[in-house]
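Enquirer: Heads up: the sequence shown begins at 0 in numbering that gives the first Met the number 0, then just goes up one per residue.
Provided herewith is a single structure, encoded as structure tokens, for subsequent inquiry.
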Amino acid sequence: MREPNINYRALIPYTPYVTTWSEERDQPAQLVERPGRGIAYLDESMSDRDSHGVLWFRTPSRPGHGEPMFAKVHPLRRRRCMRRLLCNVCAGPADQTDDGILWLLKDHRDDWPGWPENMAVTEPPICVPCARLASRLCPALRKGAVAIRVRQAPVAGVRGMLYRSGGLIPVPLDEATIAYDDPRIRWVRAMNLVRELHVGTVVPLEDVCRSSTAS
0 MREPNINYRA LIPYTPYVTT WSEERDQPAQ LVERPGRGIA YLDESMSDRD
50 SHGVLWFRTP SRPGHGEPMF AKVHPLRRRR CMRRLLCNVC AGPADQTDDG
100 ILWLLKDHRD DWPGWPENMA VTEPPICVPC ARLASRLCPA LRKGAVAIRV
150 RQAPVAGVRG MLYRSGGLIP VPLDEATIAY DDPRIRWVRA MNLVRELHVG
200 TVVPLEDVCR SSTAS
């Protein structure tokens, strides 16, 4: 739902790289079951799977065509940012210092002691100038955001729709986060790459914004 106090038309020049545009409609794809191998597309090509052999949602890439759909993320552009540690807003390199790579996340510090240690994230990192912009313009982050420096963020798995065997046609169950070493990974159609955060330090968001203004 669009918030009435935001002029989304004015935001089009600042549309995040990972945002889906209205002309990037999901392509029809017939899922089938391959005995002993999980799910597959009936007309599958090599580009449908990642280097771990996981099947991904098909979405054409036509950024700038139509209207930005701010509530919907483009799975392949977000996957590129996560894989290469690029800023999810501008697609440039994410900010990195001796303290680690910069992430801007919703504030869930009350979830468990030591948060965000061991947290699985689907959101790519960010650069300093875009962190300042996103903290002001992103509806979700304006409700409470926290900046984190992370020294270790290994790729751990994917998040997507999990299926079960249904004979010829797989049966969808629910969205799930599945590690690459989990046998169920062959039954997932991925939407997001997952990294696991380790050695993370919360840094004052105002300091990040201040450094952006100074630069």
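Cβ atoms here follow ideal geometry from the backbone N, Cα and C, with glycine treated the same way.
Roughly how many angstroms lie between the CA atoms of Leu103 and Arg148, to the nearest whole one?
Expert: Taking the straight line from one Cα to the other gives about 9 angstroms.
Enquirer: Kindly list the residues whose CB is nearer than 6 angstroms to the CB of Arg78, restricted to its own chain and excluding five residues on each side of it in sequence; keep chain order.
Expert: Closer than 6 angstroms at the Cβ level, and outside the excluded window around Arg78, lie Leu192.
Enquirer: Judging by CA-CA distance, which residue of Val17, Asp109, Leu41, Leu54 is the nearest neighbour of Arg86?
Expert: Rather than Arg, the amino acid found at residue 86 in this sequence is Cys. The option with the nearest alpha carbon to Cys86 is Val17.
Enquirer: Look up Pro92 in the DSSP assignment and say whether it is helix, strand or coil.
Expert: Strand.
Enquirer: Give the DSSP-derived three-state secondary structure of Ala133 in the structure shown.
Expert: It is helical.
Enquirer: Which runs of the beta strand (DSSP E) at least 3 residues long sit entirely within the segment 35-64? Give them in chain order.
Expert: Runs found: 37-40.
Enquirer: Which residues in the same chain as Ala223 place their Cβ atom closer than 6 angstroms to its Cβ, once the five residues preceding and following it in sequence are excluded?
Expert: Outside the displayed span of the chain (0 to 214) sits residue 223, for which this structure offers no information.
Enquirer: Around the Cβ of Leu204, are there at least 16 other Cβ atoms within 10 angstroms (buried) or fewer (exposed)?
Expert: The residue is buried, with at least 16 neighbouring Cβ atoms inside 10 Å.
Enquirer: Excluding five sequence neighbours on each side, which residues of the same chain lie with their C-beta closer than 7 angstroms to the C-beta of Leu172?
Expert: Only Leu161, Tyr162, Arg163 meet the Cβ criterion.
Enquirer: Give me, in chain order, the residues of the same chain whose beta-carbon lies closer than 6 angstroms to that of Ala146; leave out the 5 immediate sequence neighbours on both sides.
Expert: Excluding residues within five positions, the ones whose Cβ falls inside 6 angstroms are Leu103, Val202, Leu204, Val207.
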